[in-house]
Amino acid sequence: MPQSTLPTRTIRLILIVLALCSGVVYIAQTIEESRERWEETIKGFESADQANPPPQNAILFVGSSSIVFWRSLAADMAPLTVINRGFGGSQMFELNMYRDRIVTPYKPRAVLVYEGDNDVAAGKQAHEILAEYEDFVAHLQAKLPATDVYFIAVKPSIRRAHLWSTMMEVNQGLQAIANTHEHVRFLDTATPMLQNDGTVNPALLVSDELHMNAAGYDVWTSVLRPVLMKAYGESMPE
Numbered sequence: 020m021p022q023s024t025l026p027t028r029t030i031r032l033i034l035i036v037l038a039l040c041s042g043v044v045y046i047a048q049t050i051e052e053s054r055e056r057w058e059e060t061i062k063g064f065e066s067a068d069q070a071n072p073p074p075q076n077a078i079l080f081v082g083s084s085s086i087v088f089w090r091s092l093a094a095d096m097a098p099l100t101v102i103n104r105g106f107g108g109s110q111m112f113e114l115n116m117y118r119d120r121i122v123t124p125y126k127p128r129a130v131l132v133y134e135g136d137n138d139v140a141a142g143k144q145a146h147e148i149l150a151e152y153e154d155f156v157a158h159l160q161a162k163l164p165a166t167d168v169y170f171i172a173v174k175p176s177i178r179r180a181h182l183w184s185t186m187m188e189v190n191q192g193l194q195a196i197a198n199t200h201e202h203v204r205f206l207d208t209a210t211p212m213l214q215n216d217g218t219v220n221p222a223l224l225v226s227d228e229l230h231m232n233a234a235g236y237d238v239w240t241s242v243l244r245p246v247l248m249k250a251y252g253e254s255m256p257e
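If you want my numbering, it's the position in the sequence shown, counting the first as 1, plus 19.
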């Protein structure tokens, strides 16, 4: 007796459903892993805020380790009032997970975002990362329509030089997002870090060839501070 076989179209449909289900499971696992990784850090921010409430209408810096390691941020941006809520190793989707705990509660005058670096290193494509940025903007403009958003360019580094083309694509996409949204601006901190041959200046990085040293942060400050001072220098909280 001949064995019955499923039509090719049915097999394809089953494979598509299985792939979609696998994708949902993977995303759920990724979100759960992120919660396990960052929950204590986020709770630490919340505990610090309860003990010493930060001022509203300040300028908020959020993102990955380049924000975390900016130890001189307050001094570099003085007299502007700033809040640092970086959590090292984070990706943009993780910032979106916690935005209603470490962004919107502060009712900031402006938010400066640095993500994308670890996203690209994790193998994500530029369009995936940019979709997360778009989601962040849409959410923030719904919750805090008067808050300005500044995207800090994904930085070049020696360790991730092989990923620079994708990072440049992300930066170009961030500029495009800024061009199509009010209260959104892209700040190119990456180009000043490059040498004439298009490679990153190694004098701006620490020994791990990934993170910045004081000279690197000086470059960022030279780009960011004038913009922020012009926009908010006369209207910051005491």
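No residue lacks a Cβ here, since even glycine has one placed at the ideal position from N, Cα and C.
Are residue i and residue j touching if we call contact CB-CB under 8 Å?
| i | j | result |
| --- | --- | --- |
| residue 123 | residue 163 | yes |
| residue 134 | residue 176 | no |
| residue 208 | residue 238 | yes |
| residue 189 | residue 139 | yes |
| residue 151 | residue 112 | yes |
| residue 192 | residue 145 | yes |
| residue 57 | residue 106 | yes |
| residue 117 | residue 61 | yes |
| residue 55 | residue 120 | no |
| residue 69 | residue 125 | no |
| residue 141 | residue 110 | yes |
| residue 103 | residue 86 | yes |
For the ligand SAM, is there any heavy atom lying closer than 7 Å to the beta carbon of residue i?
| i | result |
| --- | --- |
| residue 68 | Only the bare structure without any ligand can be found here, which leaves the ligand SAM out of the picture. |
Please determine, among the options, the residue with the shortest C-alpha to C-alpha distance to residue i.
| i | options | result |
| --- | --- | --- |
| residue 172 | 242, 106, 109 | 242 |
| residue 114 | 158, 93, 142, 90 | 158 |
| residue 220 | 236, 205, 206 | 236 |
| residue 3 | 63, 143, 179, 125 | Since the first residue of the chain shown is 20 and the last is 257, residue 3 is not available in this structure. |
| residue 184 | 201, 143, 240 | 143 |
| residue 233 | 149, 92, 252 | 92 |
| residue 244 | 214, 216, 94 | 94 |
| residue 136 | 90, 187, 153, 63 | 187 |
| residue 212 | 174, 201, 230, 63 | 174 |
| residue 231 | 73, 71, 67, 90 | 90 |
Which residues does DSSP list as the beta-bridge partners of residue i?
| i | result |
| --- | --- |
| residue 169 | 131, 204 |
| residue 219 | 213 |
| residue 231 | 224 |
Contained beta strand (DSSP E) runs [length at least 3] in the segment 50–89, N- to C-terminal order: 78–82
Are there three or more Cβ pairs, one per stretch, closer than 8 Å when the segment 235–255 is compared with the segment 93–111? yes
Does the structure place the segment 125–132 close enough to the segment 154–168 that three or more beta carbon pairs sit under 8 Å? yes
For the pair the segment 207–225 and the segment 76–87, tell me if three or more CB-CB distances fall below 8 Å. no
Can you give, in chain order, each stretch of the alpha helix (DSSP H) that sits fully within the segment 85–161 and has at least 4 residues? 92–96, 111–121, 136–140
Three-pair Cβ contact test at 8 Å for the segment 48–65 versus the segment 183–198: no
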